[in-house]
Structure formats: structure tokens, C-alpha cells
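J.:
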Amino acid sequence: MTNATSQPARGWSRLGRSLKQWFDADYGNGDLAAIRARPDRVEWMRVVPFVILHLGCLGVFLCGWSWTAVGAAVGLYLIRMFAITGFYHRYFSHRTFNTSRTAQFLFAVLGACAVQRGPLWWSYQHRHHHKHSDEEEDVHSPILRGFWWSHIGWITSARNFPTDYSQVRDLAKYPELVFLNRFDTVVPILFATGLFTLGHFLGSWFPSLGVTSWQMLVWGFFISTTVLFHATSSINSLAHLLGNRRYATEDNSRNSLLLALITLGEGWHNNHHCHMNTVRQGFYWWEIDISYYVLKTLSWTGLIWNLKPVPRAAYENTHRIPGTRNPLPGHPTRP
Ligand SMILES: [Zn+2]
Ligand SMILES: [Zn+2]
419 MTNATSQPAR GWSRLGRSLK QWFDADYGNG DLAAIRARPD RVEWMRVVPF
469 VILHLGCLGV FLCGWSWTAV GAAVGLYLIR MFAITGFYHR YFSHRTFNTS
519 RTAQFLFAVL GACAVQRGPL WWSYQHRHHH KHSDEEEDVH SPILRGFWWS
569 HIGWITSARN FPTDYSQVRD LAKYPELVFL NRFDTVVPIL FATGLFTLGH
619 FLGSWFPSLG VTSWQMLVWG FFISTTVLFH ATSSINSLAH LLGNRRYATE
669 DNSRNSLLLA LITLGEGWHN NHHCHMNTVR QGFYWWEIDI SYYVLKTLSW
719 TGLIWNLKPV PRAAYENTHR IPGTRNPLPG HPTRP
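With positions in the sequence shown counted from 1, the corresponding number in the working numbering is that position plus 418.
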């Protein structure tokens, strides 16, 4: 990594750099400050794998479907959504419970199967979001940059690809996590290959299932992962636009039952922005938070412990503003 490679590349040079970055996410990130200071620009070559992920869904017209393949898609959506919310978000980003180093690594591998890049990149971007929510520095504010940029545009921008390890020092001290983060396509490739292989054996051993290796790849990987991405992204976009506000936070975060159901609990986003250091995001029994129920169950097995509770202050002095729309006090830039 040199400063020279952190300069904006052109033509073949840009193509070569993007190809290397597909496999080594830290390549060319020498001068982070310079990269972060660049204007937003879609890095088309860099996002080719992301485009392929979406195009892969069209494979359904070639391979068809079976109940086994559809069941795999749904099951893998739920498991990996939990890995994103329970591990990438509530563990790595916010450290709302403790676990062993071995379990931490396994959580990171499971999270990496969601194909949302590495755990340190995810945590770095998320911590940055909390620090600057709906302010000029927020890289995915729908208030300041519009719905589509907050939903999908920001992850295609060259300035948002690097991980600033100085902002996740608590995680960067583990070389195994840094490895997963740097080579962030390794786990997804193994995962997709594993599904294809599984489909082959299921088709051979249990022909009555009617499943094929291509169906497992298209449904279990491409469709399930694409839907998973957009559901997760809805928290960056819709959870700052739709729903109610219990707490008068400085950002535009919202609470939404619909988003909470889709994302296994992340829809209680206004609760979370106000009290981000608790493992729960639904603060009342009727605020369904499936990730919390799973984490609580895991704590009974001893796999995780020291789950941080909702602070007493969260139940006092709440300021609910039903259906509130912009602007909020202190944010004159909102439309
Ligand atoms: Zn937010
Ligand atoms: Zn958070």
C-alpha cells in the first residue's frame, strides 16, 4: 500500500486496481484522508461483483424453482439477517455483549456469509453513521442525499470502500478479523460454492426433492442475498424516513414495526439511535425484536454473556412525536 495508489487512478490503471480490490479490500488505501476527502463518485469496476449479485437473480428463469430451493433462500435470509443484526451490528459495531474469541470469529464468518463486506468495514461505517447521523458527514443520510443514495448509492462510491482501522481499534487487534475484513470475498465465494455443491448432492441422493445445484446457487445465494441486502439497507434509508419518533434525537431516525419484522428487530431505529449501547432495540414487549430473543436464548447457553440492558432513562422522559416529519430543531439543512 502506498500513497501513490491512493491517488485517483485512470483507464487501465483503475481497472487493474479495482480487480485487485475485489480480492484485497485494503489494496491502494494508503492515504485514507485523501480518499475520504474525494467527492462521491460511483466506482463502476469496483461494484461489478455487486451488479453480478443482482443479475444472478435472473438465473431463476433458467433453473426454475423447487420447495427445497425456496426454503433454503428463506432460511438463509433469516439466519444471515440475524448474523447482521445480532453480530455485525449489536456485537461488533456496538459491543453490547461479550463472548469468547473463538465465538467472535465464528460470528464474523457467519456475518461475512451475508455478503455485506467485512465486519470491521461494516462496524467502521456504522459507527461513523451514529457519530454524524443526518449531518453533512453522514455518508448515507436520506435526508441530505435522498432515498436512493442512502439505500444503495453510497456503497458504490470510491470514498466509502476503505476501512479506517483507527476507528475500530478494539476489533483491529484481532488478526483473524482483519484477515476476514481484508479478503472479504473469500467467505462469500466459499459460501456460494458450498451451496452449489450441496445442491448437487441433494439432487443426486434425494431426486424426489427436485432440487438442482443451480437452483441452490440462484435461490440460496443470489436471490436470498439480494433481498437480504435491500432489507438491511432499508434501515439506512426508510428507517430515517418512515415511522414514529419516541425520542427527540438530533437525527431523523424512526421506529417502524414493519421494518422491525423484516429486519428481525432493527426497525426500532429511533430507540436505537437514542440508546445505542443496549442489546435490545425493542424496548417494550410489543416492540418485536427477534434478534434480541435469539441473543437472550444464546446467553442461556453460555455462548455470550453480559448483555447490556435498556437503561432506566429510556423509560423516563420519552418525547414521542407521532408521524413527525422534517425539520427537527437544530437541522436547518433538512428540506
Ligand atoms: Zn440510523
Ligand atoms: Zn447502531
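The beta-carbon is built from N, C-alpha and C at its ideal position, and this holds for glycine as well. If you're wondering where the values come from, they're calculated on a predicted model, not measured in any experiment.
Go through the segment 552-625 residue by residue and report every complete run of the alpha helix (DSSP H) that reaches 4 residues or more, in order.
T.: Here the runs fully enclosed are 560-563, 565-569, 587-590, 593-600 and 604-623.
J.: If you draw a straight line from the C-alpha of leucine 656 to the C-alpha of asparagine 673, how long is it?
T.: Stepping through the sequence shown from its first residue, residue 656 is reached at position 238. Stepping through the sequence shown from its first residue, residue 673 is reached at position 255. If you take the alpha carbons of leucine 656 and asparagine 673, they lie about 10 Å apart.
J.: What's the gap between the Cα of serine 484 and the Cα of leucine 646?
T.: Here the question's residue 484 lines up with position 66 in the sequence shown. Here the question's residue 646 lines up with position 228 in the sequence shown. Answer to the nearest angstrom: the Cα atoms are 20 Å apart.
J.: Thinking C-alpha only, which one of Thr517, Arg432, Leu480 and Thr486 is nearest serine 626?
T.: Here residue 626 is taken as the residue at index 208 of the sequence shown, counted from 1. The shortest Cα separation from serine 626 among Thr517, Arg432, Leu480 and Thr486 belongs to Thr486.
J.: Pop quiz: aspartate 809 and arginine 535 are said to be a contact at Cβ under 8 Å. What is the actual Cβ separation, rounded to whole angstroms?
T.: Beyond the ends of the chain as shown, which are 419 and 753, falls residue 809; an answer cannot be given.
J.: Would arginine 459 be called buried (16 or more neighbouring beta carbons within 10 Å of its own) or exposed?
T.: The residue you call residue 459 lines up with position 41 of the sequence shown. Under this definition arginine 459 is an exposed residue.
J.: Determine the closest residue to alanine 455 out of Arg513, Ala501, Ala443 and Glu554, with distance taken between C-alpha atoms.
T.: As a position in the sequence shown, residue 455 is number 37, starting the count at 1. The residue with the shortest Cα to Cα distance from alanine 455 is Glu554.
J.: Whole angstroms is fine: what's the gap from isoleucine 641's alpha carbon to glutamate 734's?
T.: For the purposes of this step, residue 641 is identified with residue 223 of the sequence shown, where counting begins at 1. For the purposes of this step, residue 734 is identified with residue 316 of the sequence shown, where counting begins at 1. Roughly 43 Å separates the two Cα atoms.
J.: Under the three-state reduction of DSSP, which class applies to isoleucine 706: helix, strand or coil?
T.: Here residue 706 corresponds to residue number 288 of the sequence shown, with the count starting at 1. In the structure shown, isoleucine 706 sits in coil (DSSP, three-state: anything other than H, G, I, E or B).
J.: Quick one: Cα of leucine 598 to Cα of isoleucine 607, how far?
T.: Translated into positions along the sequence shown, residue 598 becomes position 180. Translated into positions along the sequence shown, residue 607 becomes position 189. The alpha-carbon atoms of leucine 598 and isoleucine 607 are separated by roughly 12 Å.
J.: Taking any heavy atom of ligand 2 as the mark, which residues have a C-beta closer than 6 Å to it, listed down the chain?
T.: Qualifying residues come out as His507, Ser511, His512, His544, His548, His690 and Met694.
J.: At the level of alpha carbons, what is the spacing between phenylalanine 479 and leucine 473?
T.: Locating residue 479 in the sequence shown gives position 61, counting from the first residue. Locating residue 473 in the sequence shown gives position 55, counting from the first residue. So the two alpha carbons sit approximately 11 Å from each other.
J.: Please determine, among Trp462, Tyr445 and Ala490, the residue with the shortest C-alpha to C-alpha distance to glutamine 633.
T.: Against the sequence shown, residue 633 aligns to sequence position 215. Checked all of Trp462, Tyr445 and Ala490; the closest Cα to glutamine 633 is Ala490.
J.: First and last residue of the alpha helix (DSSP H) that includes valine 492?
T.: As a working mapping, residue 492 is identified with position 74 in the sequence shown. Start and end: 485-500.
J.: With DSSP as the reference, label threonine 517 as helix, strand or coil.
T.: For the purposes of this step, residue 517 is identified with residue 99 of the sequence shown, where counting begins at 1. In this structure, threonine 517 counts as strand in the three-state DSSP scheme.
J.: Going by the C-beta, is histidine 550 closer than 7 Å to any heavy atom of ligand 1?
T.: Reading the sequence shown from its first residue, position 132 is the one you call residue 550. No, Cβ of histidine 550 sits at least 7 Å from all heavy atoms of ligand 1.
J.: Is it right to say tyrosine 710 is buried, meaning 16 or more other beta carbons lie within 10 angstroms of its own, or is it exposed?
T.: Against the sequence shown, residue 710 aligns to sequence position 292. With 16 or more Cβ atoms within 10 Å of its Cβ, tyrosine 710 is classed as buried.
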